[in-house]
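Worksheet for the structure shown next.
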Amino acid sequence: MTMNSLFRVGTGWYIAILSVLLCVITGTDAAGGSGRGGAAKAGVPRVGAQKFSASEAHASGTAAGGLSLADPPEVSRRVLNIGGFIVNVYGLEYLAPIVDDTTPNITLLIHMHGRTRSAMMEEPLVKTYFAEVRSHITADPAGSKNDFLIASFDGPNHGNRTTLPMAQNGFSKGNLQFLMDQYAMIGTQGILTSVGDAYDASFLADFLPFYLFPMGERTITDFVVSGKSMGGHATYHVGTPLIGTPDYVKLVESRTSESNITMASPFVPLSFMEYVNKTNPANMAYTSVDASINPFYGKKLFAGSGGTDPLVLFNYSSEFLSNVVLGPDTNETRESLQIYLQPNTTHQVTNESTSPTH
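Structure follows, in C-alpha cells:
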C-alpha cells in the first residue's frame, strides 16, 4: 500500500465524513462499488420526507449540494442526561417507522469539537453533515440500508463542562501546562487508561442506545466518530479525524520549538512523555498485519487536512498515513483509507466540497 495509491485531493474535505457515512449507511464502499449490499425490504419505509429549510449559499462558499455551514438546515436536537453526561442527539424525527415488526438499523455519528469550542458552537457543522447525508441517501433509488443519527457533546473542560478556562489555552496565552492539558482532553481508549474525548465517545457508544431505546425497539449497529482539531486528534484513537494528527509527539516537538520552551520538565515532564509514548496512536503497531496487536486493522480511516495549516501540519500525519495497515492487500482494504488535503486551506473546516460519493 503506497501513499500515491491512496492520496486524493479534495476541494472541501469535510466530505471525508460524508463519504464514510454513506459507505456505512447505503452499504457501498468508498468507490461506490458493492459493499454490504442492502436493497430496501418491501414495505419498509427507508426515509421520511425532508424537512430542511432552504438556505442560500453563503458568500464564503457552500457545502456539497449548496448547503451552507453558516446557515445550516433545520433538524431537531434532543438533549439527554446520561449519568450526568449531557449529550445532544440530532435526527430522531427522521427515523423510519416500524413496519411489520421491521425497522432499519441505525448508524450513529459521534462528533467531537475543537479546542476552545463547544458542541453548540459546532452545531452548524453537525446539522450540515446531517442534511448532506440525508439528501444523498434519499436520492438513492435503492434506498438506505440504515437510519442515521448524530450525537455531540462538550469535551472535557469545554462548554458546560468548563472548570478551568485557562487550561484551554496554549503556551502563547500563559498556560505552561498546555501540552498535558490538551492530551488529557484528547484522551486515549483501550490502551492503558481511558480519559478525555476518546473515552467520552466510547462511553457514549456503550450507553446511548440504552437511553434512546430502552425497550430495544431500535438497534445502533454502526458507529462513526468525527472530530475537528483537538477532536480530530482524539478521533485517531477511535474514529475519523479532521485537521488532527495521530502523532502527538510531533505536535509536542513543534509546540515547544515554536514557543522557545525546552522539551523537558516542568513543561514536558519525563513521566508525561512516557505516558504519551505508550498511548500515542503513531506509536502503536499500526504497520503490523497481526490484527491482535494492530488497533487499526479492519477499520476504515478518513483523514482531512488543510494544505497550508500552520497549526497541525499534514507532515505530522504523513508517515502514519503512508504506512498504516488496515487489512489484507485487497481492493476493499485499499478503499479503507481516504486522505483529503485541501490546497490553500489553513486550520479550518471549509464550506467548499465536492460530492461525497466521488
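Position in the sequence shown (first residue = 1) + 48 = our numbering. Think of the CB as a built atom: it goes at the ideal place given N, C-alpha and C, for glycine as much as any other residue.
### Query
Going by the CB atoms, is the gap between PHE344 and LYS334 shorter than 7 Å?
Within the sequence shown, residue 334 is the residue found at index 286, counting from 1. Within the sequence shown, residue 344 is the residue found at index 296, counting from 1. Note on residue identity: the sequence assigns Tyr, not Lys, to residue 334. Yes.
### Query
According to the Cβ coordinates, are PRO257 and PRO294 closer than 7 Å?
The sequence position of residue 257 within the sequence shown is 209, counting from 1. The sequence position of residue 294 within the sequence shown is 246, counting from 1. It is not a contact, given that the beta carbons lie outside the stated cut-off.
#### Entry: Whole-angstrom C-beta distance between VAL135 and ALA199, which should lie under 8 Å
Taking the first residue of the sequence shown as position 1, residue 199 is located at position 151. Taking the first residue of the sequence shown as position 1, residue 135 is located at position 87. Confirmed, Cβ separation roughly 6 Å.
### Query
alpha helix (DSSP H) containing PHE219: first to last residue?
Your numbering for residue 219 matches position 171 in the sequence shown. Taken as a continuous stretch (DSSP letters only), PHE219 belongs to no alpha helix (DSSP H), as it is neither H nor E.
### Query
Nearest CA to the CA of SER375: which residue from LYS347, ASN223, PHE320 and PRO317?
Residue mapping note: residue 375 aligns to position 327 of the sequence shown, counting from 1. It should be noted that the sequence gives Gly, not Ser, for residue 375. Ranking the options by Cα distance to GLY375, first place goes to LYS347.
#### Entry: Under the three-state DSSP convention, the category ILE387 falls into
Translated into positions along the sequence shown, residue 387 becomes position 339. Strand at ILE387.
#### Entry: Stretch pair the region 158-177 + the region 203-210: three plus CB contacts closer than 8 Å
yes
### Message
Just verifying my parser: in three-state terms, what is the DSSP assignment at HIS159?
### Response
The residue you call residue 159 lines up with position 111 of the sequence shown. Three-state DSSP puts HIS159 in a strand.
### Task
Pull up the CB-CB distance for HIS159 and SER274, whole angstroms please, since I reckon it's below 8 Å.
Reading the sequence shown from its first residue, position 111 is the one you call residue 159. Reading the sequence shown from its first residue, position 226 is the one you call residue 274. About 5 Å separates the two Cβ atoms, so the contact holds.
### Query
Helix or strand or just coil, what does DSSP make of PHE251?
The residue given as residue 251 occupies position 203 in the sequence shown. Helix.
### Message
Starting from SER124, trace the alpha helix (DSSP H) in both directions and tell me its first and last residue.
### Response
For this step, residue 124 is matched to residue 76 along the sequence shown. Looking at the DSSP string, SER124 is not in any alpha helix (DSSP H), and its letter there is neither H nor E.
### Query
Should SER180 go down as buried or exposed, given a rule of 16 or more other Cβ atoms within 10 Å for buried?
Against the sequence shown, residue 180 aligns to sequence position 132. Checking the sequence shown, residue 180 turns out to be Glu, not Ser. Result: buried.
### Query
Expressed to the nearest angstrom, what Euclidean distance is found between the alpha-carbon atoms of LEU197 and VAL147?
Here residue 197 refers to the residue found at position 149 of the sequence shown. Here residue 147 refers to the residue found at position 99 of the sequence shown. Going from the Cα of LEU197 to the Cα of VAL147 covers about 20 Å.
### Task
In the DSSP assignment, find the unbroken beta strand (DSSP E) run with ASP195 in it and report its ends.
Here residue 195 corresponds to residue number 147 of the sequence shown, with the count starting at 1. Here the beta strand (DSSP E) through ASP195 covers 194-201.
### DSSP three-state assignment for SER365, whether helix, strand or coil
As a first step, residue 365 is located in the sequence shown; it is residue number 317 there, counting from the start. Helix, per DSSP.
### Query
Can the beta-carbon of VAL300 be found less than 7 Å from the beta-carbon of LEU227?
Within the sequence shown, numbered from 1, the residue matching residue 300 stands at position 252. Within the sequence shown, numbered from 1, the residue matching residue 227 stands at position 179. Cβ atoms of VAL300 and LEU227: closer than 7 Å.
### Query
For GLU383, which of ASN392, VAL373 and ILE268 has the nearest alpha-carbon?
Position 335 of the sequence shown holds residue 383. Closest option to GLU383, Cα to Cα, is VAL373.
### Task
Enumerate in chain order the residues of its own chain whose CB-to-CB distance from GLY222 is below 8 Å, with the five nearest sequence positions on each side excluded.
The residue you call residue 222 lines up with position 174 of the sequence shown. Correct list, in chain order: MET214.
### Query
Whole alpha helix (DSSP H) runs in the region 318-382 with 4 or more residues, listed along the chain?
318-327, 363-371 and 379-382
#### Entry: Beta-carbon gap between LEU140 and ARG163 smaller than 7 Å
The residue you call residue 140 lines up with position 92 of the sequence shown. The residue you call residue 163 lines up with position 115 of the sequence shown. No. Outside cutoff.
#### Entry: Endpoints, alpha helix (DSSP H) assigned at PHE226
As a working note, residue 226 is residue 178 in the sequence shown. Element bounds for PHE226: 226-234.
### Message
Applying the 10 Å Cβ sphere with the 16-neighbour rule, what's the burial state of TRP61?
### Response
Your numbering for residue 61 matches position 13 in the sequence shown. Since pLDDT at TRP61 reaches only 31, below the 50 mark, its modelled position is unreliable, and the value read off the structure follows with that caveat. Answer is buried; the Cβ neighbour count reaches 16.
### Message
LEU369 and ILE440 - do their beta-carbons sit closer together than 7 Å?
### Response
Only positions 49 to 406 of the chain appear in the structure, and residue 440 is not among them; the question remains open.
### Task
Could you round the C-beta distance between SER307 and SER220 to whole angstroms and report it? I think they count as a contact, below 8 Å.
Here residue 307 refers to the residue found at position 259 when the sequence shown is read from its first residue. Here residue 220 refers to the residue found at position 172 when the sequence shown is read from its first residue. Their Cβ separation, rounded to whole angstroms, is 7 Å, which keeps SER307 and SER220 in contact under 8 Å.
#### Entry: Simplified DSSP assignment, three categories, for VAL316
Locating residue 316 in the sequence shown gives position 268, counting from the first residue. It is coil, neither helix nor strand.
### Message
Could you tell me the alpha carbon to alpha carbon distance between VAL45 and THR176, rounded to whole angstroms?
### Response
The chain is shown from 49 up to 406; residue 45 falls before or after that span and cannot be answered.
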